[in-house]
Amino acid sequence: MEEYTREPCPYRIGDDIGSAFAMGLVGGSIFQAFGGYKNAAKGKKLVGMMREVRMRSTLTGVQFAAWGGMFSTIDCCLVAIRKKEDPINSIVSGGLTGALLAIRSGPKVMAGSALLGSVILAMIEGVGLVTTRWMGAMMDPTQPPPEALDDPRSLGQKSQAEPGIDQTRPFGIPTGLPNLS
Amino acid sequence: MASLRKLCPLGTRQNALKSWILTPAQFRHFSRTMIALEKTPAPQPTKQEHALQKSVLEEIYVREKPKPTTFSGKVAEKASNTFMYTAVIAGVGLIGAFIYVLAGEFFAQDSPQAIFNKALDLVRNDGRCQDIFGASIAGFGEETARGRRRHVAHHKYEKDGMQRIRVLFHVKGDRGEGIAQAEMEQRDGDWQWRFLYVEDKKRPKTTHVLIDNR
Chain A
1 MEEYTREPCP
11 YRIGDDIGSA
21 FAMGLVGGSI
31 FQAFGGYKNA
41 AKGKKLVGMM
51 REVRMRSTLT
61 GVQFAAWGGM
71 FSTIDCCLVA
81 IRKKEDPINS
91 IVSGGLTGAL
101 LAIRSGPKVM
111 AGSALLGSVI
121 LAMIEGVGLV
131 TTRWMGAMMD
141 PTQPPPEALD
151 DPRSLGQKSQ
161 AEPGIDQTRP
171 FGIPTGLPNL
181 S
Chain B
1 MASLRKLCPL
11 GTRQNALKSW
21 ILTPAQFRHF
31 SRTMIALEKT
41 PAPQPTKQEH
51 ALQKSVLEEI
61 YVREKPKPTT
71 FSGKVAEKAS
81 NTFMYTAVIA
91 GVGLIGAFIY
101 VLAGEFFAQD
111 SPQAIFNKAL
121 DLVRNDGRCQ
131 DIFGASIAGF
141 GEETARGRRR
151 HVAHHKYEKD
161 GMQRIRVLFH
171 VKGDRGEGIA
181 QAEMEQRDGD
191 WQWRFLYVED
201 KKRPKTTHVL
211 IDNR
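Chains as they are written, first to last, in UniProt numbering: chain A, 1 to 181; chain B, 1 to 214.
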């Protein structure tokens, strides 16, 4: 039971580093394969491509991993500070990640990179929000409307009468003594 | 110096070193070194730039293209610049529209996020909730496989001709953990609370109703 209810937060950083590395590795391999093929000498195309992929795609993976790890760390810090999880967290942490990873290039580059990071994250979050909101209706227009929910049972039965007003008397005259009859 | 002048006759003084101290090969080497030293410009404190000192971002941002000299080149540059500016303006416009739509979504009265924010504030400021869960209460939505808990579960429906939205989220404090359920209803075009209550996950359940406008 403990396994299912534990907090995701510190462990999520490792997950994110790994998945970001994998993403960067795959994407970098595809990207570098094109460049390697184009730049290799004639007759050595495949060898050149393979070498380029071997040497460069891991670097891309590492850069992605740095981004992902930094992002997740900041996100977890924000969750711990704000005690709330919502899209603002990820937008802010995207911006901070961009700024912190470009910290050696000076404030100008940092600002640009921060803006880029937060805009990208805002877009990702926004697309997620919009899809959850609109996709259900758009995918299947023939589906029945969402069913009406009953009131939760733990709320109990609320008496329809306002307290202190006797429904048996006309005009809802307050009696002062509730439910005498 | 006097002794040197005495040693060599007039006109051959320059070659004094050559003739008296150094062998011809040594002299040639020496004079070449001297000339090279004279020709070398004073060492300027330029910033050494190589791959390790320049970040990738810097290379992208701080790069200058050579200016075209021919007419066709200039025209091509102008055309490309115009296209780029148009693309940038279109992109900025698109992002602006997107952000506008998103902000509308996010801050709309009936968006699950807005209801979650308001309900969480109510729960946090409620004394009884602080008794049940602890002084500082965290709120979050449903957890995904990747450890994100940003999605707030919600259900929109219509009952008795009224639009309603029910929102469910989790609350957690130092002392315990629970679920909060809230429902809002659109009455006369305005979204109002229908109910808001929190429930402990421990057994027996503690239920605390904050709002009940049914």
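Note that the Cβ used here is the ideal one computed from N, Cα and C, for glycine as well. If you're wondering where the values come from, they're calculated on a predicted model, not measured in any experiment.
Tell me which residue opens and which closes the alpha helix (DSSP H) that residue i is part of.
i: His155/B; result: Looking at the DSSP string, His155/B is not in any alpha helix (DSSP H); the run it does join, the beta strand (DSSP E), is 153-159.
i: Arg194/B; result: Counting along the chain, Arg194/B falls outside any alpha helix (DSSP H), though it belongs to the beta strand (DSSP E) covering 190-200.
i: Asp75/A; result: 45-82
i: Gly35/A; result: 9-39
i: Val56/B; result: 56-61
i: Ser90/A; result: 87-101
i: Leu116/A; result: 107-130
i: Arg32/B; result: 24-39
Looking at C-alpha atoms only, which residue of the options is the closest neighbour of residue i?
i: Leu102/B; options: Ala80/A, Thr132/A, Tyr11/A; result: Thr132/A
i: Phe34/A; options: Ala22/A, Val53/A, Met23/A; result: Val53/A
i: Leu168/B; options: Lys156/B, Arg175/B, Met162/B; result: Lys156/B
i: residue 218/B; options: Gly141/B, Arg146/B, Glu183/B, Ala145/B; result: Chain B is shown only over 1 to 214; residue 218/B falls outside these bounds and no answer can be derived.
i: Leu122/B; options: Gln26/B, Gly178/B, Lys205/B, Val198/B; result: Val198/B
i: Leu96/A; options: Ala80/A, Lys84/A, Thr73/A, Arg82/A; result: Thr73/A
i: Ala180/B; options: Arg124/B, His29/B, Ala36/B; result: Arg124/B
i: Ile103/A; options: Ser55/B, Arg166/B, Val171/B, Gln192/B; result: Ser55/B
i: Trp193/B; options: Cys129/B, Ala97/B, Arg148/B, Gln163/B; result: Gln163/B
i: Ala97/B; options: Lys45/A, Val119/A, Ala114/A, Met50/A; result: Val119/A
i: Arg128/B; options: Thr206/B, Ser31/B, Asp110/B; result: Thr206/B
i: residue 249/A; options: Trp191/B, Gly147/B, Gly161/B, Phe140/B; result: Absent from the model: residue 249/A. The displayed extent of chain A is 1 to 181, so no value can be given.
i: residue 216/B; options: Gln26/B, Gln109/B, Gly176/B, Glu105/B; result: A query on residue 216/B cannot be resolved here, the shown segment of chain B reaching from 1 to 214 and no further.
i: residue 243/B; options: Ile132/B, Ala119/B, Arg28/B, Gly73/B; result: The structure shown has nothing for residue 243/B, since chain B only spans 1 to 214.
i: His208/B; options: Thr69/B, Ser31/B, Leu22/B, Gly178/B; result: Gly178/B
i: Phe64/A; options: Gly27/A, Val79/A, Ala148/A, Val127/A; result: Gly27/A
i: Glu85/A; options: Lys172/B, Thr23/B, Pro24/B, Lys201/B; result: Lys172/B
i: Val127/A; options: Ile137/B, Ala138/B, Ile95/B; result: Ile95/B
i: Asp126/B; options: Ala145/B, Leu210/B, Thr82/B, Ser31/B; result: Leu210/B
i: Ala114/A; options: Arg153/A, Ile124/A, Glu125/A, Ile91/A; result: Ile91/A
i: Lys67/B; options: Glu58/B, Glu59/B, Lys78/B, Ile89/B; result: Lys78/B
i: Ala111/A; options: Tyr61/B, Phe30/B, Asp200/B, Ala36/B; result: Tyr61/B
i: Leu120/B; options: Lys201/B, His170/B, Arg150/B, Arg63/B; result: His170/B
i: Pro146/A; options: Phe27/B, His154/B, Arg150/B, Arg149/B; result: His154/B
i: Arg148/B; options: Glu125/A, Trp134/A, Arg153/A; result: Glu125/A
i: Lys22/A; options: Ala66/A, Lys38/A, Val47/A, Ala40/A; result: A quick correction: the sequence has Ala, not Lys, at residue 22/A. Comparing Cα positions, the closest option is Ala66/A.
For residue i, does the count of other Cβ atoms within 10 angstroms reach 16, so buried, or fall short, so exposed?
i: Glu162/A; result: Low local confidence applies: a pLDDT of 49 at Glu162/A is under 50, so the model's placement there is unreliable, with the coordinate-based value given in what follows. With fewer than 16 other Cβ atoms within 10 Å, it is exposed.
i: Ser80/B; result: exposed
i: Leu87/A; result: First, the residue type needs correcting, since residue 87/A is Pro and not Leu in the sequence shown. The residue is buried, with at least 16 neighbouring Cβ atoms inside 10 Å.
i: Ile165/B; result: buried
i: Pro144/A; result: exposed
i: Phe71/A; result: buried
i: Ala99/A; result: buried
i: Gly24/A; result: buried
i: Ala138/B; result: buried
i: Ile105/A; result: First, the residue type needs correcting, since residue 105/A is Ser and not Ile in the sequence shown. Burial call: buried.
i: Pro24/B; result: exposed
i: Ile17/A; result: buried
i: Ala87/B; result: exposed
i: Asn89/A; result: buried
i: Glu185/B; result: buried
i: Leu59/A; result: exposed
i: Ser111/B; result: buried
Along the chain, where does the beta strand (DSSP E) that runs through residue i open and close?
i: Ile165/B; result: 162-172
i: Glu183/B; result: 177-187
i: Leu210/B; result: 207-212
With a cut-off of 8 Å on the beta carbons, I'd call residue i and residue j a contact; round off their distance for me.
i: Cys76/A; j: Arg12/A; result: 7 Å
i: Gln113/B; j: Val152/B; result: 7 Å
i: Gly117/A; j: Gly94/A; result: 4 Å
i: Ala135/B; j: Asp188/B; result: The Cβ separation is near 38 Å, so there is no contact.
i: Arg214/B; j: Asp151/A; result: 7 Å
i: Leu129/A; j: Glu105/B; result: 6 Å
i: Phe116/B; j: Leu155/A; result: The pair is not a contact, with the Cβ atoms about 19 Å apart (cut-off 8 Å).
i: Pro8/A; j: Glu143/B; result: 6 Å
i: Ser19/A; j: Ser57/A; result: Actually they do not touch by this definition, with Cβ atoms about 16 Å apart.
i: Met49/A; j: Gly36/A; result: 4 Å
i: Leu57/B; j: Val109/A; result: 5 Å
i: Leu22/B; j: Phe30/B; result: 7 Å
Exercise. What residue ranges within the stretch 92-147 of chain B form continuous alpha helix (DSSP H) runs of no fewer than 4 residues, ordered along the chain?
Worked result: Runs of the alpha helix (DSSP H) inside the stretch 92-147 of chain B: 112-124, 127-133.
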